[in-house]
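Peer 1: Dropping the structure in here first, questions after.
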Amino acid sequence: MVPDDAINKGAMALFGEKYGDKVRVLSMGASADNLYSVELCGGTHVRATGDIGLFKILSETAVAAGIRRIEAVTREGAFSYLTNQEQLVGKLADTFKVSTTDVLERV
Numbered sequence: 005m006v007p008d009d010a011i012n013k014g015a016m017a018l019f020g021e022k023y024g025d026k027v028r029v030l031s032m033g034a035s036a037d038n039l040y041s042v043e044l045c046g047g048t049h050v051r052a053t054g055d056i057g058l059f060k061i062l063s064e065t066a067v068a069a070g071i072r073r074i075e076a077v078t079r080e081g082a083f084s085y086l087t088n089q090e091q092l093v094g095k096l097a098d099t100f101k102v103s104t105t106d107v108l109e110r111v
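Residue numbers for the sequence shown follow this note's numbering, beginning at 5 and rising by one.
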């Protein structure tokens, strides 16, 4: 359930989004009267941004005018993703018999 005060502050529940039983309202700005971003989030949360560690953006898309959606992996998920990408480039380098830095040029 999206809190009414979130809607009053300008947050939008986007069609097709899947929110669980608990939805957080996150806002950024100097004060409650001067917000430049109000978001609804039903995802994983951390105590501080430093807890996130390694961060890899997987996709970034336009949801509406002036609204972007970013999907990313963090911590072990980000490390695993980057390790898999490195292994893929290594296999391509072996296949084309070039260094990993020359894979793109060879392809």
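We put the CB at the ideal spot given by N, CA and C, even for glycine.
1) Report yes if the C-beta distance between A82 and F100 is below 9 Å; otherwise report no.
2) Once you ignore the five residues that flank D8 on each side, which residues in its own chain have a CB closer than 6 Å to its CB?
3) Just to check my reading of the structure: E75 and S84 have Cβ atoms closer than 8 Å, yes? What is that Cβ distance to the nearest angstrom?
4) To the nearest angstrom, how far is the alpha carbon of I56 from that of V77?
5) Give the C-beta separation of V107 and V93 to the nearest angstrom, bearing in mind that I take them to be a contact with Cβ-Cβ under 8 Å.
Peer 2: According to the data block:
1) Contact: no.
2) With a pLDDT of 49 at D8, under the threshold of 50, the modelled position of that residue is not reliable, and the figure given next carries that caveat. Here the set comprises nothing.
3) The C-beta distance from E75 to S84 rounds to 15 Å, too long to meet the 8 Å contact threshold.
4) Their Cα atoms are separated by approximately 9 Å.
5) About 6 Å; that satisfies the 8 Å criterion.
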